[in-house]
Amino acid sequence: MSCALPVLGPWTVPVSTDPTKVSAMPVTKAVIPAAGLGTRFLPATKAVPKEMLPVVDRPAIEYVVEEASRAGLRDVLLVTSRTKKAIEDHFDREADIEAALERKGDDLRLRRVRVSAELAEVHSVRQQSPRGLGHAVLCAAAHVGNEPFAVLLGDDLIDERDLLLEEMLAVQRRFGGSVIALMEVPEDQVSLYGVATVESVGTSAGTGSADDRYGIVRIRDLVEKPPVAQAPSNLAIIGRYILSPTIFDVLRRTEPGRGGEIQLTDALRILALRAVEPAGAAGDAGTDTAAEPVHGVIFTGRRYDTGDRVDYLKAVIRLACERADLGPELYPWIEEYVASGGPKAALS
Numbered sequence: 250m251s252c253a254l255p256v257l258g259p260w261t262v263p264v265s266t267d268p269t270k271v272s273a274m275p276v277t278k279a280v281i282p283a284a285g286l287g288t289r290f291l292p293a294t295k296a297v298p299k300e301m302l303p304v305v306d307r308p309a310i311e312y313v314v315e316e317a318s319r320a321g322l323r324d325v326l327l328v329t330s331r332t333k334k335a336i337e338d339h340f341d342r343e344a345d346i347e348a349a350l351e352r353k354g355d356d357l358r359l360r361r362v363r364v365s366a367e368l369a370e371v372h373s374v375r376q377q378s379p380r381g382l383g384h385a386v387l388c389a390a391a392h393v394g395n396e397p398f399a400v401l402l403g404d405d406l407i408d409e410r411d412l413l414l415e416e417m418l419a420v421q422r423r424f425g426g427s428v429i430a431l432m433e434v435p436e437d438q439v440s441l442y443g444v445a446t447v448e449s450v451g452t453s454a455g456t457g458s459a460d461d462r463y464g465i466v467r468i469r470d471l472v473e474k475p476p477v478a479q480a481p482s483n484l485a486i487i488g489r490y491i492l493s494p495t496i497f498d499v500l501r502r503t504e505p506g507r508g509g510e511i512q513l514t515d516a517l518r519i520l521a522l523r524a525v526e527p528a529g530a531a532g533d534a535g536t537d538t539a540a541e542p543v544h545g546v547i548f549t550g551r552r553y554d555t556g557d558r559v560d561y562l563k564a565v566i567r568l569a570c571e572r573a574d575l576g577p578e579l580y581p582w583i584e585e586y587v588a589s590g591g592p593k594a595a596l597s
């Protein structure tokens, strides 16, 4: 299925204007945008989707689908492009490989191959042109319908012991509306992210989640990739969202922003401002939907940006070292390499 939705104009699917009804609906669907070109990893990504680059022996996107499945989101929509068929194929059964492994009696690899097809019910839609994250999310409208849903960016790997998505779902159940993941970043990196203006609500204790380490804030404003001197804080948006279906109506009316693309941050800003200034939000494109809050969960766990080459390598090394089948051999080698002087010794 392809996505060639107009960006502006009236919303054609009825969206509930009663936020209490929408927020009471369980979140069961996850959307994973995966249509990017992966230019930072060229030439490796010339013919291979960046989401399929291996993190140890599994493609990066499998970790993200597994995270959604672990949180109970078993209906997953991939927003891809015409060059990303390999991603869709990865989550299908592969009869020839399975048969060959069965003949060899290789049960371990057989289980590993089957895992990807059993994690979730995986669907896909094509984003026909790269028009921004907001447009990629809009491509999910027909599949999501009038339900709250999660968005997980494929570049962000979250340590499975840090229950970020589960915590965000608990916050959404408590407050309704939308929830975004935030993380403190160094000052010199704020211009790489959407940045939030917030007010504290408390901690995650009492949300009914399995983790109470994270702070909860109310989003008052958002700005996409501000200059360092103009950043309202160092709380950056990272790639996890729980969104109300109201976002589709706003995205359809959101003009292209930074880079000439439809920015999800701009649409979330409208929702946030509408909630704190219900009489009329700055930049509001004029919808009839009721005001819904936008909250943030401040993440303090481990995250890897696999779209960055160094962070990608850190993820590979750390996950490999923590594996029982690889760590005992790999970690001593790393220690020996570092003790010997590492790259300085190799170059001398």
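For the sequence shown, the working numbering puts the final residue at 597, and the numbers step up evenly by one. Every residue gets a Cβ at the ideal spot worked out from N, C-alpha and C, and that includes glycine.
Proximity to residue i [Cα-Cα], best of the options
| i | options | result |
| --- | --- | --- |
| Met274 | Ser373, Asp515, Glu571 and Gln421 | Gln421 |
| Val546 | Ser589, Thr446, Gly591 and Ala569 | Thr446 |
| Asp557 | Lys278, Pro542 and Ala309 | Ala309 |
| Glu367 | Ala430, Val428, Val439 and Leu322 | Leu322 |
| Arg375 | Arg410, Ser365 and Glu337 | Glu337 |
| Thr549 | Met432, Asp437, Gly451 and Ile583 | Met432 |
| Ser427 | Ala516, Val305 and Glu571 | Ala516 |
| Val525 | Pro303, Glu571 and Asp470 | Asp470 |
| Glu343 | Gly354, Lys353 and Val362 | Val362 |
| Gly464 | Glu416, Pro505 and Glu370 | Glu416 |
| Ser482 | Lys295, Val439 and Glu351 | Val439 |
| Asp324 | Lys593, Ala369 and Glu351 | Ala369 |
| Met301 | Tyr561, Leu575 and Pro592 | Tyr561 |
| Glu571 | Ser373, Ser589, Arg410 and Glu585 | Arg410 |
| Glu436 | Gly354, Asn395 and Ala478 | Ala478 |
| Arg462 | Gly590, Glu584 and Arg551 | Arg551 |
| Gly394 | Val297, Ala385, Thr495 and Val559 | Thr495 |
Contact under 9 Å by Cβ, residue i with residue j
| i | j | result |
| --- | --- | --- |
| Val313 | Leu382 | no |
| Leu327 | Phe340 | yes |
| Leu414 | Ala390 | no |
| Ser493 | Leu520 | yes |
| Ile429 | Arg507 | no |
| Leu418 | Ala320 | yes |
| Tyr580 | Ala564 | no |
| Arg423 | Glu448 | no |
| Gly299 | Arg289 | The residue asked about is misnamed: residue 299 is Lys in this sequence, not Gly. Contact: yes. |
| Pro542 | Gly425 | yes |
| Val280 | His392 | yes |
| Ile491 | Pro397 | yes |
| Ser365 | Glu311 | yes |
| Ala573 | Val305 | no |
| Cys252 | Leu387 | yes |
N- and C-terminal bounds of the beta strand (DSSP E) containing residue i
| i | result |
| --- | --- |
| Leu471 | Gly464 to Glu473 |
| Arg431 | A small fix is needed here, since residue 431 is Leu in this sequence, not Arg. Unbroken beta strand (DSSP E) run through Leu431: Ser427 to Glu433. |
| Arg375 | Glu370 to Gln376 |
| Val546 | Val543 to Ile547 |
| Ala279 | Lys278 to Pro282 |
| Leu326 | Asp324 to Thr329 |
Strand pairing of residue i, partner residues [DSSP]
| i | result |
| --- | --- |
| Tyr553 | Leu406 |
| Phe398 | Leu492 |
| Thr446 | Asp470 |
| Lys299 | Paired residue(s): none; Lys299 is not in a bridge. |
| Cys252 | Gln376 |
| Ala485 | Met432 and Val444 |
| Pro308 | Pro303 |
| Gly451 | Ile465 |
First through last residue of the alpha helix (DSSP H) which encompasses residue i
| i | result |
| --- | --- |
| Gln421 | Leu413 to Phe424 |
| Pro577 | Gly576 to Ala588 |
| Gly383 | Leu382 to Leu387 |
| Thr514 | Leu513 to Val525 |
| Arg352 | Ala344 to Lys353 |
| Ala569 | Arg558 to Cys570 |
| Leu359 | Asp356 to Glu367 |
| Ala335 | Lys334 to His339 |
| Glu393 | Looking at the sequence provided, one finds Val at residue 393 rather than Glu. Unbroken alpha helix (DSSP H) run through Val393: Ala390 to Val393. |
>> Across the segment 381 to 399 and the segment 511 to 526, are there enough close Cβ pairs to call them in contact, namely three or more that are closer than 8 Å?
In response: yes
>> With three or more beta-carbon pairs closer than 8 Å as the criterion, would you say the segment 351 to 363 touches the segment 403 to 421?
In response: Contact fails: fewer than three Cβ-Cβ distances are below 8 Å.
> Are the segment 465 to 480 and the segment 340 to 351 touching, with three or more C-beta to C-beta distances below 8 Å?
Replying inline: no
> Per the contact definition of three or more C-beta pairs closer than 8 Å, is the segment 327 to 341 in contact with the segment 277 to 293?
Replying inline: The segment 277 to 293 vs the segment 327 to 341: in contact.
>> Measuring CB atoms only, is the segment 495 to 508 touching the segment 434 to 444, in the sense that at least three cross pairs come out at less than 8 Å?
In response: no
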